[in-house]
Every structure is written in structure tokens, then in C-alpha cells.
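Counting in my numbering, the sequence shown runs from 95 upward without gaps.
What follows is a single structure, written as C-alpha cells, with notes after it.
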Amino acid sequence: MPTAGERCEHVLEAIDRISAYVNGSDEQAFLQNDVLRDACYYRFVVIGEAADCLCRDCSNEISQLRGQHPGLAMGLSFAHKLRTRLAHIYHHVDPTIVWATIQKDLPQLRADIIALRSLLP
């Protein structure tokens, strides 16, 4: 089983890959490109699975970061919920919401995960 630190690295790698995948694309290109969406969806599954484990395994560290990174716990929870939707309720995924998540939420989640990683061995 991966350590919490390794799971943080998995999340960061997945975020970086999503960023690389969509680099130079706009929302319309994302919506029209099945391969691009599928690649991003898979990386969100990785993020969500790791996020669920981090919520369970790092509750003390997440609490320590609450003042400086108040959205960390919610971001991890949202990531897991998105993973569940992509994996189990795939027929009701709105790609415009996924695009908005990439643009608005991933940069903050990345910063929060870096902070969490700094507290782990």
C-alpha cells in the first residue's frame, strides 16, 4: 500500500498531467475531444481515490493545516465525490463541470496537497 506521502505525490502527478493535457485548449476543445476528456477523467479517478485515503490517514495533518489551507478537507472530499461519479455514475457526468474544476479548483488543490505533503514523513 502506498504511504500518505506517496499518495500526495500521486495526486500532484495527476494534477500536473491534467494541466499538461489541457494546456493550450479551451472549453470548447475539451468538450469536443473525447480522448482528452477520457484522459482527464482517469486522472480525476486517481486523485479521488488518493484523496479518500488521505482523508482517512491524515486527519491530524489536515487539521493542522486548517488555518492556512481551509479548503483542503473540502477539496479532498469533492475529489472523492467526483471520482465516485466518474466511476459509478458515469452516465451523468457534465464535462462543463469537469472543465470548470480543472480551471478553478485544481490549482488550489495542488497548493493544499503540497502543504500536506510537507507535514508527512
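The beta-carbon is built from N, C-alpha and C at its ideal position, and this holds for glycine as well.
To the nearest angstrom, report how far apart GLY142 and GLY118 are at their CA atoms. Translated into positions along the sequence shown, residue 142 becomes position 48. Translated into positions along the sequence shown, residue 118 becomes position 24. Between the alpha carbons of GLY142 and GLY118 lies a gap of roughly 25 Å.
Measuring alpha carbon to alpha carbon, tell me which residue in GLU103, TYR135, GLU155 and ILE207 is nearest ASP188. Taking the sequence shown and counting its residues from 1, one reaches residue 188 at position 94. When GLU103, TYR135, GLU155 and ILE207 are compared, the shortest CA-CA separation from ASP188 is found for TYR135.
Can you tell me which of ALA205, TRP193, LEU148 and ASP132 puts its alpha carbon nearest to the alpha carbon of HIS163? As a first step, residue 163 must be located in the sequence shown, where it is residue number 69. Closest by alpha carbon: ALA205.
Using three-state DSSP, classify ASP132 as helix, strand or coil. For the purposes of this step, residue 132 is identified with residue 38 of the sequence shown, where counting begins at 1. Helix, per DSSP.
Beta-carbon contacts of ALA144 that lie in its chain and below 7 Å, excluding the five residues immediately before and after: Residue mapping note: residue 144 aligns to position 50 of the sequence shown, counting from 1. Result list for ALA144: ARG101, HIS104 and VAL105, in chain order.
Of the residues PRO96, ALA98 and ASP128, the one placed nearest TRP193, counting alpha carbons only: Position 99 of the sequence shown, counted from the first residue, corresponds to residue 193. Between TRP193 and the set PRO96, ALA98 and ASP128, the nearest pair of CA atoms involves ASP128.
For HIS174, count neighbouring Cβ atoms within 10 angstroms of its own Cβ and tell me buried if that reaches 16, exposed if not. Working through the sequence shown from its first residue, we reach residue 174 at position 80. So HIS174 ends up on the buried side.
Return the Cβ separation of ALA181 and VAL139 in integer angstroms, given the expectation that the two are a contact with Cβ distance under 8 Å. Residue 181 sits at position 87 when you count from the first residue of the sequence shown. Residue 139 sits at position 45 when you count from the first residue of the sequence shown. Rounded, the Cβ-Cβ distance is 6 Å, consistent with contact.
Candidates LEU166, CYS149, PHE124 and ASP146: which alpha carbon is nearest ALA209's? Stepping through the sequence shown from its first residue, residue 209 is reached at position 115. Ranked by how close their Cα comes to the Cα of ALA209, the residues LEU166, CYS149, PHE124 and ASP146 have LEU166 in first place.
Limits of the unbroken alpha helix (DSSP H) element including LYS175: Taking the first residue of the sequence shown as position 1, residue 175 is located at position 81. 166 to 182 is the span of the alpha helix (DSSP H), which, as asked, contains LYS175.
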